[in-house]
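> Take this structure first; my questions come after.
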Amino acid sequence: MEIEIKKPEARHAEKISEICSIGWRQTVEGKLSEEYQIQNTVFWYNSERVREDLRAGVYSHIALAGTEVAGVIGGGMTAPDTGEVFVLYMDERFRYQGIGRLLLEALTRDQSAQGASEQWVSVQEGNQFGIPFYEARGFKLQGKKTEETDTGELQVSLRYSRPI
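Numbering follows full-length UniProt numbering, with no gaps: position 76 of the sequence shown is 76.
Here it is in structure tokens:
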């Protein structure tokens, strides 16, 4: 199947919302309560928020398999020489086909062109989709960040970086 990496459009918001909601929930399954999972996905990945974030450029690229959105990536510059991957989620039917790599390469090209010499990402502790993916692409563990959620739970993110 032909994969096209392109800039997302407003008409892709519903599918991006679905992919991100499902993907994020899979990364925290068994680690954070159902209550917090619902609260977080309703806040970050509701269709209107995704549309706003699309307009703001938060979601930088999608992967299309034919006409179907197979995955999405978003990121930005957090310092003049530092890029960050904010989100990278795949429709689970399209995982392990090299599409995530293509999305990361597209974002990395953009961030490099904007002056980034390093790239960072936060990955949920224990995320067996994300951790091997980023480590295979040269990201090195730099530390751990623990935050208390609104529901009083602890969410642990692993901070990775790599030179680009």
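The C-beta atom is built at its ideal place from N, Cα and C for all residues, glycine as well.
1) Just curious, the alpha helix (DSSP H) that residue 38 is in, first and last residue?
2) Going by DSSP, what residues sit across from residue 124 in a beta bridge?
3) Between 77, 87, 82 and 78, which has its C-alpha nearest residue 45's C-alpha?
4) Going by DSSP, which residues form a beta bridge with residue 219?
5) Which of the three DSSP states is assigned to residue 94 in this structure?
6) If you follow the alpha helix (DSSP H) that residue 27 is part of, which residue opens it and which one closes it?
7) Check whether the Cβ atoms of residue 111 and residue 164 lie closer than 8 Å to each other.
8) For residue 118, tell me which candidate among 96, 80 and 152 has the shortest Cα-Cα distance.
9) For residue 27, which option in 138, 140, 139 and 125 has the closest C-alpha, if you only look at C-alpha atoms?
Judging by the given coordinates:
1) Per DSSP, residue 38 belongs to the alpha helix (DSSP H) from 34–44.
2) Bridge partners of residue 124: 157.
3) Residue 87 holds the alpha-carbon nearest to the alpha-carbon of residue 45 among 77, 87, 82 and 78.
4) Since the first and last residues shown for the chain are 1 and 164, residue 219 lies out of range.
5) Helix at residue 94.
6) In the DSSP assignment, residue 27 falls within the alpha helix (DSSP H) that extends over 13–28.
7) Using a Cβ distance threshold of 8 Å, residue 111 and residue 164 count as a contacting pair.
8) Scanning 96, 80 and 152 for the CA closest to the CA of residue 118 turns up 80.
9) Nearest option by C-alpha distance: 125.
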